[in-house]
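Asks:
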Amino acid sequence: MNLSTTYLGLKLRSPLVIGASPLCENLDTAYRLEEAGAAAIVMHSLFEEQIEHEQHALFHHLETPAESHSEATSFFPNYNEYRLTPETYVRKLERLKKALSIPVIASLNGRRPGGWVDYARLLESAGADAIELNTYQLATDPNTSGNFIETDILETLRAVVSTVKIPVAVKLSPFHTALAQFATTLDQHGAAGVVLFNRFYQPDFDIDTMEVVPKLKLSTSDELLLRLRWLSILSPHLKGSLACGGGIHTAEDLVKALLAGAHAVQIVSLPLEYGPRALVPLIDGLVEWMNDHEYRSVDQLRGTMNLRRCPNPEAHERANYIKVLQGWCA
Ligand SMILES: Cc1cc2nc3c(=O)[nH]c(=O)nc-3n(C[C@H](O)[C@H](O)[C@H](O)COP(=O)(O)O)c2cc1C
13 MNLSTTYLGL KLRSPLVIGA SPLCENLDTA YRLEEAGAAA IVMHSLFEEQ IEHEQHALFH
73 HLETPAESHS EATSFFPNYN EYRLTPETYV RKLERLKKAL SIPVIASLNG RRPGGWVDYA
133 RLLESAGADA IELNTYQLAT DPNTSGNFIE TDILETLRAV VSTVKIPVAV KLSPFHTALA
193 QFATTLDQHG AAGVVLFNRF YQPDFDIDTM EVVPKLKLST SDELLLRLRW LSILSPHLKG
253 SLACGGGIHT AEDLVKALLA GAHAVQIVSL PLEYGPRALV PLIDGLVEWM NDHEYRSVDQ
313 LRGTMNLRRC PNPEAHERAN YIKVLQGWCA
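In this text, residue positions in the sequence shown follow the numbering used here: the first is 13, and each later residue adds one.
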């Protein structure tokens, strides 16, 4: 049984990738994830804001060395709240590379092109096998158009791609108006793959204290359905790789993501909740399913349920939508 896959041009022994999260913070946890079957690991993000703070601090230090310390600390009030500084991030990456034999993907997280993008070169020098670019943003300004946001993302991608030789993936939001067009444009402009999708932080209201409460809920398999739909739509059109990022909790979820066209799945909530060994049943279940359905390799089964053979995917989606609504009996 051949479980290997190629993701971002990297040969992986299976499609199981650990998504960007605190899971790689501890070397021992990262090692146990590798032992349990993870085929690659994405580090948690290094943020544009962190890098720019550090770059300003360095610039200020060079210009006015005598005042640099006090000015710098007052300029960056929340700097210490980040998990790692850009420098310690690079050191962590070097340590992960030494400790693990699987690829380590660094994650850069920012909103628009800028000097922070140069950091990609340092991540490459530190041994990153690839870079995942997360362009998380919520357009709250009514004057900001979708086109403006997508142009920024495209320019950021171009800047990173021209800075490094390693592959660059883009982690996308599901909320683009014409996702198929945007994803193929990213593909044409050098993205080695796209990750579907970013999960948005969704604060809640506490109606007793009248406060906005930050909430980070771990996923469930329910989140897979949105990914399955877009994997199926995009899979016939992209030259690069597709990762299913979110909602993988069982072997069945994994099989579905592969059938829809994923080259890899990124998993976070499951091992965060149940530990590294929670990956084992996913691999075992995939092997069992492949045996039962007479598939010899992951490559053979990938995309067999995508929309390649559907003559009119838009009509197909619309027809299913109408059928589902009409099918409900009160
Ligand atoms: C605690 C936590 C921290 C995360 N940190 C990052 C991050 O730094 N960068 C990023 O791109 N995604 C981050 N994510 C999102 C995950 O990479 C992933 O996209 C998401 O959790 C969906 O996968 P899952 O359904 O298996 O949880 C984080 C998720 C969690 C739960």
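C-beta atoms are modelled at their ideal positions from N, C-alpha and C, and glycine is treated no differently.
Just so we're clear, the structure is a prediction, and the values are computed from it rather than from any experiment.
Hey, Ser185 and Asn210: beta-carbon distance below 9 Å or not?
Replies: yes
Asks: Going by DSSP, what residue range makes up the beta strand (DSSP E) through Lys183?
Replies: Val180 to Leu184
Asks: Any heavy atom of ligand 1 closer than 8 Å to the beta-carbon of Gly258?
Replies: yes
Asks: So, for Lys23: in the same chain, excluding its five sequence neighbours on each side, which residues have a beta-carbon less than 7 Å away from its beta-carbon?
Replies: Ser16
Asks: Please report the straight-line C-alpha distance between Gly122 and Val292, rounded to a whole angstrom.
Replies: Pairing Gly122 with Val292, the inter-Cα distance amounts to about 34 Å.
Asks: Below 8 Å, can you find three or more Cβ-Cβ pairs linking the stretch 218-228 to the stretch 289-305?
Replies: no
Asks: I'd like the list of long-range same chain contacts for Ala255, defined as Cβ closer than 8 Å, with 5 residues on each side in sequence excluded.
Replies: Tyr19, Val29, Ala181, Gly205, Val206, Val207, Leu208, Ala274, His275, Ala276, Val277 and Gln278
Asks: For Ser345, which option in Leu134, Ala111 and Lys110 has the closest C-alpha, if you only look at C-alpha atoms?
Replies: No statement about residue 345 is possible, as the shown extent of the chain runs from 13 to 342 and does not include it.
Asks: I'd like to know whether the C-beta atoms of Leu238 and Lys183 end up nearer to each other than 9 Å.
Replies: no
Asks: Taking 9 Å as the cut-off, decide whether the C-beta atoms of Val173 and Gly202 are in contact.
Replies: yes
Asks: Got a sec, what are the start and stop residues for the alpha helix (DSSP H) Leu198 sits in?
Replies: Leu191 to Gln200
Asks: How would you call Asp40, buried or exposed, if buried means at least 16 neighbouring beta carbons within 10 angstroms?
Replies: exposed
Asks: Considering only the beta carbon of each residue, do Glu47 and Pro288 sit closer than 9 Å?
Replies: yes
Asks: Report the residue from His328, Val102 and Leu250 whose alpha carbon sits nearest the alpha carbon of Ala140.
Replies: With distances taken between Cα atoms, Ala140 lies closest to Val102.
Asks: Does DSSP put Phe160 in a helix, in a strand, or in coil?
Replies: helix
Asks: In the DSSP assignment, find the beta strand (DSSP E) that holds Ile53 and state where it starts and stops.
Replies: Ala52 to Phe59
Asks: Find out if the Cβ-Cβ distance for the pair Leu112, Leu58 is shorter than 9 Å.
Replies: Leu58 sits away from Leu112, with the two beta carbons spaced by 9 Å or more.
Asks: May I ask whether a heavy atom of ligand 1 can be found less than 8 Å away from the beta carbon of Lys110?
Replies: no
Asks: Taking only heavy atoms of ligand 1 into account, decide whether any of them is closer than 8 Å to the Cβ of Val172.
Replies: no
Asks: For Ile295, name the three-state secondary structure that DSSP assigns.
Replies: helix
Asks: In terms of residue numbering, what span does the alpha helix (DSSP H) encompassing Asn332 cover?
Replies: Pro325 to Gln338
Asks: Would you say the beta carbon of Pro248 comes nearer than 8 Å to a heavy atom of ligand 1?
Replies: no
Asks: Could you tell me which residues DSSP pairs with Ser233 in its beta bridges?
Replies: For Ser233, DSSP records no beta bridge to any residue.
Asks: Taking the C-alpha atoms as reference points, what is the distance between Gly258 and Leu236?
Replies: Rounded to whole angstroms, Gly258 to Leu236 spans 6 Å at the Cα level.
Asks: Beta carbon of Arg344: closer than 8 Å to some heavy atom of ligand 1?
Replies: Given a span of 13 to 342 for the chain in the structure shown, any question on residue 344 remains unanswerable.
Asks: Would you grab the beta carbon distance between Ile161 and Ile114 for me? Rounded to a whole angstrom, and I think it's under 8 Å.
Replies: Contact doesn't hold; Cβ gap of about 34 Å is too wide.
Asks: State the Cα-Cα distance for the pair Thr316 and Ala269, rounded to the nearest angstrom.
Replies: 11 Å
Asks: Taking C-beta to C-beta, are Leu298 and Leu271 nearer than 9 Å?
Replies: no
Asks: For the beta strand (DSSP E) holding Leu24, just list the boundary residues, first then last.
Replies: Leu22 to Leu24
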